[in-house]
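Using the UniProt record's numbering, the first residue of the sequence shown is number 1, and each one after it goes up by one. The beta carbon of each residue, even a glycine, is placed where N, CA and C say it ideally should be. Okay, structure first, notes after.
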Amino acid sequence: MSTVMQETQHGPAVRVQAKAESAAHLAPAIETLAMPRPDPGHAVVKVASAAVNPSDVKAALGLMPQAVWPRTPGRDFAGTVVAGPTEWIGRRVWGSGGDLGITRDGSHAAWLTLPLAALEEMPAGLDFDAAGSIGVPFVTAYEGFQRSGMPLPGQVVAVMGANGKVGQAAVQLAAQAGARVIAVQRRPGPYAGFACAPVEVVDASREDVAARLRELTDGRGVDLVYNTVGSPYFQAANQAMAKRATQIFISTVERPVPFDIFTFYRAMHTYVGVDSLAMDCTEAAAHLRALRPGFEAGTLRPFPVGADAVYALTDALDAYRTVIGGSDQRIVLRPWEGRA
Numbered sequence: 001m002s003t004v005m006q007e008t009q010h011g012p013a014v015r016v017q018a019k020a021e022s023a024a025h026l027a028p029a030i031e032t033l034a035m036p037r038p039d040p041g042h043a044v045v046k047v048a049s050a051a052v053n054p055s056d057v058k059a060a061l062g063l064m065p066q067a068v069w070p071r072t073p074g075r076d077f078a079g080t081v082v083a084g085p086t087e088w089i090g091r092r093v094w095g096s097g098g099d100l101g102i103t104r105d106g107s108h109a110a111w112l113t114l115p116l117a118a119l120e121e122m123p124a125g126l127d128f129d130a131a132g133s134i135g136v137p138f139v140t141a142y143e144g145f146q147r148s149g150m151p152l153p154g155q156v157v158a159v160m161g162a163n164g165k166v167g168q169a170a171v172q173l174a175a176q177a178g179a180r181v182i183a184v185q186r187r188p189g190p191y192a193g194f195a196c197a198p199v200e201v202v203d204a205s206r207e208d209v210a211a212r213l214r215e216l217t218d219g220r221g222v223d224l225v226y227n228t229v230g231s232p233y234f235q236a237a238n239q240a241m242a243k244r245a246t247q248i249f250i251s252t253v254e255r256p257v258p259f260d261i262f263t264f265y266r267a268m269h270t271y272v273g274v275d276s277l278a279m280d281c282t283e284a285a286a287h288l289r290a291l292r293p294g295f296e297a298g299t300l301r302p303f304p305v306g307a308d309a310v311y312a313l314t315d316a317l318d319a320y321r322t323v324i325g326g327s328d329q330r331i332v333l334r335p336w337e338g339r340a
């Protein structure tokens, strides 16, 4: 049996009519829409908080060829189910997906319509801003590890670009698994993110990354490289990989890279490519289901969301420009509130 709220409610939504020529030309409209009535097999979520990812802004700039226009951006969300099957009404859910905000309307709105298979209950103990900011980075990190074989206790995992959000998520997941984690970052000082176990640091701005990783592993090399940056670390990662090691890629600066086929096959290396946009909201829900126990146990933690990182939906343009400008903060939109 399905239940839909009887009264008609209205709420705001960001609408992008066509791709923008540049970040300076971004001009998303704010429209007021009635709460939708879900089709069979679907539910409506009242969005309480939705992260702004770089990919959300890139999609508005027309950099995603599969994007459908017009649409509402936004891949990550947390909120409450307000229409759909009776057993889901009132439950707090979180989610993400490479289809949301790109090939279907996304989470930068008061309402989000989803297939029932994409509904996943939020971890106990998290608020909406925390849950709404987890999606893309953790889903991406988890997908890479799942496809390469999850880190094992005693293995050495090097995370290239560990200061980024996917990098921080990868560090957390590897530490939770009991691996020895080495964070490679382009700045001095200790690892700044959370991890449930100690994390060693290599400063790529002043150290030879490959040589240092070999030194830290007594010449053996690392078992798993999560390369969140791509080409800038490609060669160093290859030189630091142990026999039968795996390197995961999610991004790159340059497409062409020097590739020694002989070394690759003689060392029995494996490369794994991850495209988070290829995972729809149902696939992302399955990953979040697997991640939930870690957040409830405290071995995983959401990214901090400061008061100055929370924007009203009417300030979405400011939020988008902050993200595309390279902010280190995790930016979220609250459709039903002003800026915190």
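Check your understanding: Among L61, A124, R206, T32, which has the Cα closest to the Cα of G11?
Key -> The option with the nearest alpha carbon to G11 is T32.
Check your understanding: Which residue comes first and which comes last in the beta strand (DSSP E) that contains R180?
Key -> Run containing R180: 180-185, per the beta strand (DSSP E) assignment.
Exercise for review: Using the Cα positions of R186 and P232, report the straight-line distance between them to the nearest angstrom.
Suggested key: 11 Å
Exercise for review: To the nearest angstrom, report how far apart A13 and T314 are at their CA atoms.
Suggested key: 9 Å
Review point. Is the beta carbon of V274 sitting closer than 7 Å to the one on G144?
Key: It is a contact, given that the beta carbons lie within the stated cut-off.
Practice item. Check whether the Cβ atoms of G178 and P137 sit closer than 7 Å, and answer yes or no. Key: Going by C-beta atoms, G178 is not nearer than 7 Å to P137.
Review point. With burial defined as no fewer than 16 other Cβ atoms inside 10 Å of the residue's Cβ, what is the status of G326: buried or exposed?
Key: exposed
Check your understanding: Skipping 5 residues on each side, what residues in its chain have a beta carbon closer than 8 Å to that of N227?
Key -> Non-local C-beta neighbours of N227 in its own chain, meaning closer than 8 Å and more than five positions away in sequence, comprise M160, G161, Y233, F234, A237, Q247, I248, F249, I250, ordered along the chain.
Practice item. Have a look at Q176, G189, I30 and flag the residue whose alpha-carbon is nearest the alpha-carbon of V201. Key: The candidate whose alpha carbon is nearest that of V201 is G189.
Check your understanding: So, using beta-carbon positions, are L119 and V93 closer together than 7 Å?
Key -> At a Cβ-Cβ threshold of 7 Å, L119 and V93 count as neighbours.
Exercise for review: May I have the straight-line CA-CA distance separating R220 from A242, to the nearest angstrom?
Suggested key: 6 Å
Check your understanding: Helix, strand or coil: how does DSSP classify A175 here?
Key -> In this structure, A175 counts as helix in the three-state DSSP scheme.
Practice item. Take S107 as the anchor and find which of F262, G74, Y311, A117 has the nearest alpha-carbon. Key: G74
Review point. Could you check where the beta strand (DSSP E) with L224 kicks off and where it finishes?
Key: Counting along the chain, L224 sits inside the beta strand (DSSP E) bounded by residues 222-227.
Review point. When you compare each of P36, A59, K46 to L26 by their alpha carbons, which one comes out closest?
Key: A59
**Study point:** C-alpha distance - T322 paired with T263, whole-angstrom precision
**Key:** 42 Å
Practice item. Quick one: measure Cβ to Cβ for P65 and T113, integer angstroms, because I've assumed they're closer than 8 Å. Key: About 24 Å; that fails the 8 Å criterion.
Check your understanding: Rounded to a whole number of angstroms, what is the C-alpha to C-alpha distance between V332 and A309?
Key -> 6 Å
Check your understanding: Who are the near neighbours of M122 in its chain, counting only those whose CB is closer than 7 Å to its CB and skipping five residues on each side?
Key -> A78, R92, V93, W94, A131
Check your understanding: What are the residues that DSSP puts in a beta bridge with I30?
Key -> V14
Review point. In angstroms, rounded to a whole number, what distance separates the CA positions of Q172 and T140?
Key: Q172 and T140 have their alpha carbons spaced roughly 13 Å apart.
Exercise for review: Go ahead and pull the three-state DSSP assignment for L114.
Suggested key: strand
Practice item. Please report how far the alpha carbon of P151 lies from the alpha carbon of L224, in whole angstroms. Key: 8 Å
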